[in-house]
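Numbering (our numbering), first residue to last: 242 to 526.
Using N, Cα and C, we set each Cβ at its ideal position, and we do this for glycine too.
Fair warning: this is a prediction, and the values are worked out from it, not measured in the lab.
Take a look at the structure below.
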Amino acid sequence: MRTVYLNGEYLPEDQAKVSIFDRGFLMSDGIYEVTSVLGGKLIDFDGHAVRLQRSLDALDMKHPSSKDDLLEVHRELVRRNDITDGMIYLQVTRGNPGDRDFAYPPEDTVPTVVLFTQAKPGMADSPMAKTGMKIISIEDQRWGRRDIKTVQLLYPSMGKMMAKAAGADDAWMVEDGHVTEGTSNNAYIVKGNTIVTRHLGNEILHGITRAAVLRFAREAQMKVEERPFTIVEAQSADEAFITSASTFVMPVVEIDGAAVGQGTPGPVATRLREIYLDESRKAAV
Ligand code: PDD
């Protein structure tokens with residue numbers, strides 16, 4: 242049985258209980274982070290800690306603990322659950338005001354802090370990295386502050402179910418004719434030596450993996466264009482791929498039934514995956 246963390250305590254997972262009045266449960270009033278673990282160490286921890294702070298600030302939520310304390314909780318969970326490869330999920334909600342009310346509760350309401358591990362042995366050797374994934378496009382029907390990493394994930398869940406029903410692996414979301422991002426990842430296309438991905442703004446999550454991958458791409462003399470692109474442009478690109486903490490860099494080989502490039506993972510996505518995994522392992526804490 243897993244050991245999880247709830248409000249300062251390490252508990253067996255079946256003993257960690259949160260109130261029915263918790264704002265996370267009633268209002269989706271909470272934010273989260275997912276940090277990968279490779280070889281028992283945390284990937285991009287600093288980036289996730291910075292974005293956590295940004296999400297908390299955007300929602301006027303208190304920061305429950307310092308970055309160092311948070312790092313220690315992550316490490317302790319890795320130790321207690323003997324995680325080599327996998328993920329750590331962290332969620333902070335506005336806590337339990339003792340009743341349901343739309344207004345934010347008083348300042349002194351204690352936030353709920355939950356962390357748990359998900360073991361994924363061999364996560365970096367996912368077979369999908371060799372075959373690539375098939376995606377469909379769907380309309381982006383989420384709210385307007387997608388830059389805040391809230392636990393409001395019903396539309397992304399619906400999107401993944403739509404993809405499954407269509408025999409695909411995932412979905413890219415489209416707004417005003419342009420791709421915003423994947424249901425739980427950032428979206429890219431490659432033309433020649435140029436990588437194209439949507440610019441940052443309120444329309445997408447500012448991926449931590451995205452920031453690292455674009456940095457590595459520039460260092461490797463690839464060109465990066467941060468601008469919107471369409472599904473038609475993506476279908477005629479040389480390559481496509483996604484990034485996220487849980488998939489790293491994953492090639493996309495089919496979009497709405499049309500093969501991208503040769504219909505197999507391309508050299509740019511494959512190389513970026515290698516660079517990202519190598520560099521992140523070196524910098525892991
Ligand atoms: N998802 N866009 C969305 C909508 C996401 O949910 C995620 C992450 C990303 C990629 O961000 P990062 O590189 O920081 O993981 C982009 C996580 C992994 C999840 O929900 O499980």
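Could you pull the start and end residues of the alpha helix (DSSP H) that residue i belongs to?
{"i": "P508", "result": "508-524"}
{"i": "E317", "result": "308-321"}
{"i": "Q294", "result": "286-299"}
So, residue i versus residue j, is the Cβ gap smaller than 7 Å?
{"i": "F482", "j": "V420", "result": "no"}
{"i": "V354", "j": "G336", "result": "no"}
{"i": "D381", "j": "M414", "result": "yes"}
{"i": "T276", "j": "I329", "result": "yes"}
{"i": "A267", "j": "R522", "result": "Residue 267 is actually Leu in this sequence, not Ala. It is not a contact, given that the beta carbons lie outside the stated cut-off."}
{"i": "L297", "j": "H289", "result": "no"}
{"i": "M374", "j": "D410", "result": "yes"}
{"i": "T488", "j": "V454", "result": "no"}
{"i": "V526", "j": "L318", "result": "no"}
{"i": "L356", "j": "Y246", "result": "yes"}
For the ligand PDD, I want to know if residue i counts as a neighbour, meaning its beta carbon is within less than 6 Å of at least one of the ligand's heavy atoms.
{"i": "A486", "result": "yes"}
{"i": "I449", "result": "yes"}
{"i": "P269", "result": "It is Ser, not Pro, that sits at residue 269 in the sequence shown. Outside the cutoff, so no."}
{"i": "N443", "result": "no"}
{"i": "N427", "result": "yes"}
{"i": "E422", "result": "yes"}
{"i": "L446", "result": "yes"}
{"i": "V275", "result": "yes"}
Residue range of the beta strand (DSSP E) that residue i falls in?
{"i": "A461", "result": "Where A461 is concerned, there is no enclosing beta strand (DSSP E), given that its DSSP letter is neither H nor E."}
{"i": "A412", "result": "411-416"}
{"i": "F470", "result": "No beta strand (DSSP E) contains F470, which DSSP labels as neither H nor E."}
{"i": "F357", "result": "353-360"}
{"i": "E250", "result": "250-253"}
{"i": "V501", "result": "Run containing V501: none; DSSP gives neither H nor E here."}
Where does residue i sit, in a helix, a strand or coil, going by DSSP?
{"i": "Y396", "result": "helix"}
{"i": "I272", "result": "strand"}
{"i": "A344", "result": "coil"}
{"i": "I445", "result": "coil"}
{"i": "F489", "result": "strand"}
{"i": "T424", "result": "coil"}
{"i": "K371", "result": "helix"}
{"i": "M328", "result": "strand"}
{"i": "A257", "result": "coil"}
{"i": "K282", "result": "strand"}
{"i": "F482", "result": "strand"}
{"i": "K390", "result": "coil"}
{"i": "K432", "result": "strand"}
{"i": "T350", "result": "coil"}
Does the beta carbon of residue i fall short of 6 Å from some heavy atom of the ligand GDP?
{"i": "V278", "result": "This structure lacks the ligand GDP; its bound ligands are the ligand PDD."}
Is there a C-beta anywhere in chain C that falls below 7 Å from the one on residue i?
{"i": "G363", "result": "Structure shown: chain C not included; a single protein chain is present."}
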